[in-house]
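Heads up, the thing below is written out as structure tokens.
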Amino acid sequence: MDVADRLRAVRERIGRACLDAGRDPSQVRLLAVSKGQSAEAVRQAYEAGQRDFGENRVQELVAKAARLTDLDGLRWSMIGHLQTNKAQAVATVADEVQSLDSRHLAAALHRRLAAAGRTLPVLVQVNTSGEASKSGLAPHEVEGFARDLAGWPTLRPVGLMTVAVRSDDADAVAACFRTLAELRGRVAQVTGHRWPELSMGMSGDLEAAVAAGATCVRVGTAVFGSRAPQAEPPRS
Ligand SMILES: *Cc1c(COP(=O)(O)O)cnc(C)c1O
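Below you can see the structure in the form of structure tokens.
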């Protein structure tokens with residue numbers, strides 16, 4: 000199977016999951032996670048109609064983006080843990096950050112964005128599984144953080160993101176997704192504006208995420224096949 004075939008299969012999975020959940024497939028965006036894949040693979044996916052791509056490392060994102068500047072309408076989302084010293088590069092090249100997880104990072108991004116006269120859609124990453132290996136705010140920290148985001152007006156909060164527990168226990172996975180969906184309601188209440196996006200679900204669990212209300216699924220291996228191992232896996 001090539002990238003176009005795999006993309007078609009993933010879109011079919013999303014379509015079927017939406018049908019089962021009584022949801023409109025146009026409400027679920029596919030973010031193709033291209034970390035560990037070549038710029039050429041991204042180009043193939045683009046030619047098959049894919050426009051939204053996710054990367055978890057700034058250096059890889061910058062290098063890949065530089066090789067694909069000819070692709071109109073291609074959008075990059077940052078989905079990996081971010082150090083504040085990378086804020087400048089992210090503020091320049093990313094179209095969205097889904098891994099916002101600290102005030103320190105929010106302040107650094109805001110400073111760069113303000114200087115560049117840009118705004119950036121952001122999703123707040125939540126650690127819904129409680130695993131120490133995962134990035135993200137603890138669920139109880141999210142309301143206060145969401146309220147404080149108003150202090151960094153170049154950041155446009157549009158939703159929440161999570162990586163579910165990696166488990167064969169379907170109930171445990173679904174519980175992570177439900178936690179994120181519930182939190183979204185609470186942050187909407189305390190901030191007085193909508194947080195439309197719920198970014199959750201990956202190659203192995205996108206159906207459960209769609210059932211729980213995902214508006215963005217982040218799919219890597221099911222779109223591109225297996226990827227080169229990363230030397231030092233960043234916390235996701
Ligand atoms: C790698 C990654 C994905 C995609 O994972 P697959 O299992 O390859 O679909 C999704 N979200 C984040 C945050 C990731 O780091």
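Numbering follows numbering that gives the first Met the number 0, with no gaps: position 211 of the sequence shown is 210.
Glycine residues also receive a C-beta, built at the ideal position from the N, C-alpha and C atoms.
Computed from a predicted model, the values in this text were never measured in an experiment.
A distance criterion of 6 Å places the beta-carbon of Gly219 in contact range of ligand 1, judged by its closest non-hydrogen atom.
Classified as buried, Ala44 has 16 or more neighbouring CB atoms from the shown chains inside 10 Å of its CB.
If you draw a straight line from the Cα of Thr127 to the Cα of Asp71, it is about 35 Å long.
Between the alpha carbons of Val222 and Val32 lies a distance of about 8 Å. For Gly158, the enclosing beta strand (DSSP E) begins and ends at 154 to 161.
Under a 10 Å Cβ-count criterion, Met0 is classified as exposed, with fewer than 16 other Cβ atoms of the shown protein chains found around its own Cβ. Counted as a single uninterrupted DSSP element, the alpha helix (DSSP H) harbouring Arg5 occupies residues 2 to 20.
Shown here for Ala16: same chain residues with a beta carbon closer than 6 Å to its own, the five before and five after excluded, namely Glu206, Val209 in chain order.
Not one heavy atom of ligand 1 sits closer than 6 Å to the Cβ of Ile13.
The criterion of a C-beta distance shorter than 7 Å is not satisfied by Ala90 and Trp75.
By the Cβ criterion, the region 102 to 118 is not in contact with the region 59 to 71, since fewer than three pairs of Cβ atoms, one from each stretch, lie closer than 8 Å. Look at Glu46 here: in three-state DSSP terms it is helix. Distance from the Cα of Ala149 is smallest, within the candidate group Val186, Ala173, Gly116, Leu179, for Val186. Within its own chain, no residue has a Cβ closer than 7 Å to the Cβ of Ser225 once the five positions on either side in sequence are excluded. In the DSSP assignment, the residues bridged to Gln124 are Met160. Bounds of the alpha helix (DSSP H) holding Gly184 are 169 to 190.
Between ligand 1 and the CB of Asn84, the shortest heavy atom gap is not smaller than 6 Å.
A contact is defined here as three or more CB-CB pairs under 8 Å, and the region 187 to 200 fails this definition with respect to the region 100 to 108.
The region 80 to 155 contains, as complete alpha helix (DSSP H) runs of 4+ residues, the segments 86 to 92, 102 to 115, 141 to 147 (chain order).
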